[in-house]
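Input: a single structure, listed below in structure tokens.
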């Protein structure tokens, strides 16, 4: 909304400057430092003073005289040395917020976006680090859709990789288990695999020859045939099912599961390989350490300047394809640049489509994106750059520029939380730094354990405040609070920061947390309940708001209303910059403004009808704004806490 006001005023001011002075000028808009100075300020006169050789204040006064003000402008003043300041009509703006959707993208203004996130190896339970990826990806999908884009969310399943191969080795060679025995293992199957994966790592260290079994297993997984491949399919299927259940606890879902086995089985890379060879993007090395390998030279690219070995192997001398080679082929498919396509099958038990080599008819259209965003941690930045370089080398310059790596830093545990999960001694000294996790060593918090712990602590907190709640209501509320706590914690920090997850901080009802936002919404809803119990109106109509005089809008009420009006602008900025913490911080700012006015502007006790209606309208605008932000962040808003 405010961006529309700014655009309209900028255009009117530009026309006025052209008409009065014959000068083409693109106005800059600012926000005054104090509310009494107005809502929007234009320093145009200060900028034009040298060109026109006139006093800037005189220029501003001439511009203000007979300015064609739109309906949303209440007053124009010349302030300071020559600022042209606009005061918005507070009643009109509030009425508009109550009657129109906050975020209204232009029809057909968006792109078709393929957004890939989560991508957990199907070899063990999801852990806390995976949750940051999945939450960031899910919030981004909501933001992009709100901005008018068509978003296809994909989850890549590496069902032919080293990590899965190690678990297969663990079952077949370390535990000596048959396929039917593994199939009969009880849930949680992914927890069993977690321990087995760590055990296999130690087994390899005891005897390096055991790693030969990894190589033979990898070959079977890649070819898709043999008893090891069959075991791999069983393990992957069961683990992925568990991963999807974990993500559903956080309301995270997908449009398509893309299996690496299907990429290999349908030989996607062969066409990509032909394209890379025919364009000269790769060449066969005759000698040196890469003899017999197909290599992509990167030494002439500024992005890879200074690297000791800038050339990247795409196909090894034994004919196997590297990870980056597969990624280039997959990226080409995402943009619709391969003549090949997957087959698809609907996994009914999980309510999601997946790729396969022998599918079924009637599937939706997948791929053919205009923009591709891959949510992958910052350690994969180099490989993502190579994928873009591959598209550039093939001549797909536009697609390379629209291949976006959404990078983020890792998740560690705060010392206090590490102790709660048994990774540090309870009576040991406080460690200065957070605890890093290692799946290979078995150090890490499983995602479901974390959610369980958050739910348990939430239930304990709620039961102390609401002893009359039934067990069922208590469980529902505990789930809502734990989801908000976890999701908000993963989003509130900038993506270039390593975050140390802390249980108590995430669940703090009075801090920078998801539960604090939930409490703010519940507090506003309680006002409505009390009004109803007193026989007073719980809502104010838009027509009533439009008739309110300017003096009923206290500055702090107006600040809160403008904070809501900024939500579309903040959402657009978050979508463009991929810095989703902008939304989290804005939600906190909004909630803090609401709590600040809660006691200063009581509604129930106010006898002046117009003042009460202004306060009630402000509360309605607040609830609307917080609801929009909570939907974007994926935070459930309970009706009580």
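Residue numbers (this note's numbering): 51 to 691.
By construction, the Cβ of each residue, glycine as well, lies at the ideal position given by its N, Cα and C atoms.
Quick caveat, the model's predicted, so the values are computed rather than measured.
**Q.** Proximity below 9 Å, CB of residue 187 to CB of residue 156
**A.** In this structure, residue 187 sits away from residue 156, with a CB-CB distance that is not shorter than 9 Å.
Q) Opposite residue 395 in the DSSP bridges: which residues? A) In DSSP, residue 395 forms a bridge with 404.
Q. Apart from the five residues on each side of it in sequence, which residues of its chain come closer than 7 Å, Cβ to Cβ, to residue 537?
A. For residue 537, where only same-chain residues beyond five positions count, the Cβ hits under 7 Å are 185, 300, 564, 683, 684 and 685.
Q | Beta-carbon proximity list for residue 633, same chain, < 8 Å, skipping 5 on both sides | A | 189, 193, 541, 620, 621, 624, 679, 682 and 683
Q: Please list, in chain order, all residues of the same chain as residue 461 whose beta carbon is under 6 Å from its beta carbon, the five residues on each side excluded.
A: 178, 179, 182, 549 and 551
Q. Could you give the distance in angstroms between the alpha-carbon of residue 61 and the alpha-carbon of residue 422?
A. 34 Å
Q: Pick out whichever of 607, 205 and 120 has its Cα sitting closest to the Cα of residue 404.
A: 205
Q. Taking contact to mean at least 3 C-beta pairs separated by less than 8 Å, is the region 344-354 in contact with the region 393-413?
A. no
Q: Could you tell me the boundaries of the alpha helix (DSSP H) in which residue 441 lies?
A: Looking at the DSSP string, the run of the alpha helix (DSSP H) that includes residue 441 is 431-443.
**Q.** Of the listed residues 321, 373 and 559, nearest to residue 383 (C-alpha basis)
**A.** 321
**Q.** 6 Å CB neighbourhood of residue 175 in its chain, flanking five on each side removed
**A.** 240, 241, 244 and 496
**Q.** Range covered by the alpha helix (DSSP H) that runs through residue 653
**A.** Where residue 653 is concerned, there is no enclosing alpha helix (DSSP H), given that its DSSP letter is neither H nor E.
Q. In whole angstroms, what is the alpha-carbon distance linking residue 482 and residue 539?
A. For residue 482, the predicted model reports a pLDDT of 49, less than 50, meaning its position is unreliable; a value from the coordinates is still stated below. Spanning the two alpha carbons is a distance of roughly 21 Å.
Q) How long is the line joining the alpha carbons of residue 573 and residue 637, rounded to whole angstroms? A) Spanning the two alpha carbons is a distance of roughly 15 Å.
(Q) Per the DSSP calculation, residue 699 is bridged to which residue(s)? (A) What the structure shows of the chain is the stretch from 51 to 691, and residue 699 is not part of that stretch, so it cannot be assessed.
Q) Which residue from 431, 209 and 424 puts its Cα closest to that of residue 452? A) Ranked by how close their Cα comes to the Cα of residue 452, the residues 431, 209 and 424 have 424 in first place.
Q) Just reading off the beta strand (DSSP E) that residue 540 is part of, what are its end residues? A) Looking at the DSSP string, residue 540 is not in any beta strand (DSSP E); the run it does join, the alpha helix (DSSP H), is 521-542.
Q: From the DSSP output, in three-state form, read off residue 495 for me.
A: coil
Q. Between the Cα of residue 135 and the Cα atoms of 63, 394, 311 and 252, which residue gives the shortest distance?
A. 63
Q. According to the Cβ coordinates, are residue 91 and residue 80 closer than 9 Å?
A. yes
Q) Using the beta-carbon count (16 or more within 10 Å), is residue 147 buried or exposed? A) buried
Q | N- and C-terminal bounds of the alpha helix (DSSP H) containing residue 247 | A | 239-256
Q) Which ranges would you report for the beta strand (DSSP E) in the region 331-361 if only whole runs of at least 3 residues count? A) 344-346
Q) Thinking C-beta only, is residue 310 closer than 9 Å to residue 216? A) Contact: no.
Q. Within 10 angstroms of its Cβ, does residue 211 collect 16 or more other Cβ (buried), or is it exposed?
A. buried
Q: Under 7 Å Cβ to Cβ from residue 395, same chain only, skipping five residues before and after it: list those, please.
A: Once the five neighbours on either side are set aside, the close Cβ partners of residue 395 are 404, 406, 409 and 410.
Q | Spatial distance of residue 77 from residue 66 (CA atoms) | A | 11 Å
**Q.** Selection from 328, 454, 363 and 237 that minimises the alpha carbon distance to residue 338
**A.** 363
Q) In its own chain, which residues sit with a C-beta less than 8 Å from the C-beta of residue 656, not counting the 5 before and 5 after it? A) 662 and 665
Q. How many angstroms separate the CA atom of residue 674 from the CA atom of residue 689?
A. 14 Å
Q) Under the rule that 16 or more other beta-carbon atoms within 10 Å means buried, what is residue 336, buried or exposed? A) That one is exposed.
Q | Separation of residue 170 from residue 417, as counted between CA atoms | A | 21 Å
Q | residue 482 (DSSP reduced to helix, strand or coil) | A | Here the model assigns residue 482 a pLDDT of 49, short of 50, so the residue's position is not dependable and the matter cannot be decided.
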